[in-house]
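Trainee: Residue numbers (our numbering), protein chains in the order written: chain F, 1 to 268; chain S, 1 to 294. Structure below; questions to follow.
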Amino acid sequence: MNWNLYFKELRRNRVRFIIWTSLLVIFIIFTVSVVPSILRDREQLETFLKVYPEAIKKVFGMDVESWSNPLGIYATYHGFYAYLLGGIFAITFGMEIISKEENRRTAEFLLTRPLTRSEVVASKTLAFFTYIFAFNVAIICAVLIGLTGFFGTNFDLKGVLSLGFFSLLFTSLFGALGLFISLLMKRGRSLVGVGTGLVLVTYIIDAFAKASEKVSFLRWVSPFKYGDIDVVRGFYGFEWWRLLFFLGLTALFILLTFALYRKKDIYV
Amino acid sequence: MKVIETRKLTKFYGKHRGIIDLDLEVEEREVFGFVGPNGAGKSTTIRTLVGLIFPTRGSASILGMDIMRDAREIKRHIGYLPSEVEYYDGMTVKELLEYSARFYGAPLNDRLQELAEVFQVDLSRNITDLSSGNKKKVAILQCFLHKPKVLILDEPTNGLDPLMQARFYEIVRRENEQGVTVFFSSHILSEVQRICRRVAIIKEGRVVAVEDIASLRKKNLSRVHLESRTPIPEAALRLSGVKSLSVQGEKVEFLYSGEVNSLLEALSRLPMERLTIEEPSLEEIFMHYYGGEQ
């Protein structure tokens, strides 16, 4: 671990963090602010939901029961904000934090300082997870502030915290995947394209599997399945296999990143 | 103690040759030249030594420490100057040098001001705005700042103007006098000749010779020019030791590395008007090693 590198990475990535976090915080506050008007007219909501095909409703988790509860309405959007957009933020960030040294030809400077390869990975990975943690804390704070502002304390706090907990697991997994695959990619390939593509593909697989019984088995290959919780019905998702999936894969990708980078030839 | 030592150091990039069975020994306080044409394996050797790439086989040590096992400790003691320099955007020169210095756990010292003056580096400039020559000067500062015991220089004067080159040689010479060992890689022999005592010549990934600069010059290789009154038949100069023979009517030029007496004997039979026998340039000696190709 090298603190000089760690703090430099925090500094170097703060703009990216600020932009993504404020964008999501604004989305969330905006979403929560329209919740009171959805709740006000339940009849209209029911007619509104009726026009949607069953498959679409399943994909987005829209049902009358969920949508009669402020947190339920937000939770529908949480999958999109924290998982999908958060996942894209995490994977693209993860893919760049190590590989940009090669892409911008600064690796020669960094790797000839008195550092081991493992220290480079450790410092960068820790800086990365510092921001991933802060990103999820900011999201959950935005949800809490929004809900408190509109509904007082009348909502399920445990539900909000489990949404936050799973988006932390989710973004950590995609981030760790990003760290790992960036080391396999040739220099100059579009990291943002590949990262965004990976998140979208797993999202679409999950959506298809939810919409159609025939391919529902496909859900098991997408992380979205493992992060799918239902806080309105009191299902917070703390099951061993979900945690094992996220923590196990995240740890695996991080270990592989360390192992690969220790032996990687760096060309500048 | 050997400051740099490589034993059968080999690097392949997939099937492509980098370096093969490289054996080098650099003594303490030596200024050691490493010369070869582009693509011969100079940068591969250096990048292996500083830990950017890993050898396919063989081993190497710097200051008695293994380049793989003790990479971090080695890097504490080397000053590495790459041939092309790239730095982080959005930092001033001073911020970059401070950042670099913190890795060595040593704050910036008086040395910085002195070196910045010598190389005319404006510490408050943003690195992004610097030309490649000025970035190189920043790299020189950064290379010397932590008082390294070994300097590893890869085409160090590439991009520097002649005045800065002269100052650079001066600093290297001064460091060497204070006990610093220098490994100096270049494809320009005259540069190496200026500063090094010994030189290794690398060709197609292999070291073809390690010589004292002085003995390289004394290799008994001479450049002969002669002019005669009548055209000279080529057959008259078919002598062992004659190389790169060029006959243009009455003017003849060649390199000679054999017995002086037999040369004089052959020449005495010719109707000569002018004869000069001179020491060839290192470039020519170098070409001689490469069999005329570079």
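We put the CB at the ideal spot given by N, CA and C, even for glycine.
Decide if Arg11 (chain F) is buried, meaning its Cβ has at least 16 other Cβ atoms within 10 Å, or exposed.
Mentor: Result: exposed.
Trainee: Which ranges would you report for the beta strand (DSSP E) in the segment 192-272 of chain S if only whole runs of at least 3 residues count?
Mentor: Runs found: 198-203, 206-212, 222-228, 242-248, 251-256.
Trainee: When you compare only the Cα positions, how much space is there between Phe168 (chain S) and Glu28 (chain S)?
Mentor: Using only the alpha carbons, I get a separation of about 21 Å.
Trainee: How many Å lie between Gln294 (chain S) and Phe286 (chain S) at the Cα?
Mentor: Low per-residue confidence applies at Gln294 (chain S): pLDDT is 39, beneath 50, and the placement is therefore not dependable, though the value from the model is reported in the following sentence. Those two C-alpha atoms are separated by around 9 Å.
Trainee: I'd like to know whether the C-beta of Glu101 (chain F) is nearer than 7 Å to at least one C-beta of chain S.
Mentor: No, its Cβ sits nowhere closer than 7 Å to a Cβ of chain S.
Trainee: Is Ile266 (chain F) close to chain S, meaning its C-beta is less than 7 Å from at least one C-beta of that chain?
Mentor: With 7 Å as the cut-off, Ile266 (chain F) counts as an interface residue toward chain S.
Trainee: Is Gly193 (chain F) helix, strand or coil when you go by DSSP?
Mentor: Here Gly193 (chain F) sits in helix by DSSP.
Trainee: Excluding five sequence neighbours on each side, which residues of the same chain lie with their C-beta closer than 6 Å to the C-beta of Glu253 (chain S)?
Mentor: These residues qualify, in order along the chain: His225, Ser246.
Trainee: What is the DSSP secondary structure of Lys136 (chain S), counted as helix, strand or coil?
Mentor: Correct three-state label for Lys136 (chain S): helix.
Trainee: Does the CB of Leu111 (chain F) have a neighbour CB from chain S at under 7 Å?
Mentor: For Leu111 (chain F), the answer is yes, since a Cβ of chain S falls inside 7 Å of its Cβ.
Trainee: Report yes if the CB atom of Ile132 (chain F) is closer than 7 Å to the CB atom of Ser167 (chain F), and no otherwise.
Mentor: Their beta carbons are not under 7 Å apart, which means Ile132 (chain F) does not touch Ser167 (chain F) by this criterion.
Trainee: By Cβ distance, which residues of its chain are closer than 6 Å to Gly292 (chain S), with the 5 residues on each side in sequence left out?
Mentor: Note that Gly292 (chain S) has pLDDT 49, beneath the 50 cutoff, so the model's placement of it is unreliable and the number below is only indicative. The answer is none, since no qualifying residue turns up.
Trainee: Since Lys75 (chain S) meets chain F, which of its residues come closer than 7 Å, beta carbon to beta carbon?
Mentor: Here the neighbours are Thr112, Arg113, Pro114.
Trainee: Can you give me the C-alpha to C-alpha distance between Leu111 (chain F) and Pro37 (chain S), rounded to a whole angstrom?
Mentor: Between Leu111 (chain F) and Pro37 (chain S), the C-alpha separation is close to 26 Å.
Trainee: Can you name the residues that DSSP bridges to Lys2 (chain S)?
Mentor: S:Glu27, per the DSSP bridge assignment.
Trainee: Anything in the segment 100-115 of chain S with a Cβ closer than 8 Å to a Cβ of chain F? List those residues in chain order, please.
Mentor: Here the close residues are Ser100, Arg102, Phe103, Tyr104.
Trainee: CB Met68 (chain S) to CB Ile127 (chain S), shorter than 7 Å?
Mentor: Result no, Cβ atoms of Met68 (chain S) and Ile127 (chain S) do not sit closer than 7 Å.
Trainee: Suppose the cutoff is 7 Å on Cβ atoms and the five residues either side in sequence are ignored; what does the same chain contact list for Cys359 (chain S) look like?
Mentor: Absent from the structure is residue 359 (chain S), since the part of chain S shown begins at 1 and ends at 294.
Trainee: Is it the case that the segment 62-76 of chain F contacts the segment 169-185 of chain F, given that we only count it when at least three CB pairs across the two stretches are under 8 Å?
Mentor: These segments do not touch.
Trainee: Suppose you measure from the CA of Lys147 (chain S) to the CA of Gly79 (chain S); what does that come to, to the nearest Å?
Mentor: Answer to the nearest angstrom: the Cα atoms are 8 Å apart.
Trainee: Note down, in chain order, each residue of its chain lying with its Cβ closer than 6 Å to the Cβ of Phe109 (chain F), except the 5 sequence neighbours on either side.
Mentor: Closer than 6 Å at the Cβ level, and outside the excluded window around Phe109 (chain F), lies no residue.
Trainee: Strictly under 7 Å for the Cβ-Cβ distance: is Tyr88 (chain S) near chain F by that measure?
Mentor: True, the Cβ-Cβ gap to chain F drops below 7 Å.
Trainee: In terms of residues, what are the limits of the beta strand (DSSP E) holding Ile266 (chain F)?
Mentor: Unbroken run through Ile266 (chain F): none, as it is neither H nor E.
Trainee: If you count every other CB in all the chains shown that lies within 10 Å of the CB of Asn136 (chain F), and 16 or more means buried, which is it?
Mentor: By the 10 Å Cβ count, Asn136 (chain F) comes out buried.
Trainee: Check distances from the C-beta atoms of the segment 33-53 of chain S to those of chain F and list, in chain order, the residues that come in under 9 Å.
Mentor: Here the close residues are Arg47, Val50, Gly51, Leu52, Ile53.
Trainee: When the distance is taken between beta carbons, is Glu273 (chain S) closer than 7 Å to Leu227 (chain S)?
Mentor: Note that residue 227 (chain S) corresponds to Glu in the displayed sequence, not to Leu. Yes, Cβ-Cβ distance for Glu227 (chain S) and Glu273 (chain S) is below 7 Å.
Trainee: So with CB distances below 9 Å, who are the chain F contacts of Pro82 (chain S)?
Mentor: Ordered by position in chain F, the residues that pass the 9 Å Cβ test against Pro82 (chain S) are Glu108, Phe109, Thr112, Val268.
Trainee: Pull the bridge partners of Asn126 (chain S) from the DSSP assignment, please.
Mentor: Answer is S:Thr92.
Trainee: Please state whether the Cβ-Cβ distance between Gly159 (chain F) and Val221 (chain F) is less than 7 Å.
Mentor: The answer is no: Cβ separation not under 7 Å.
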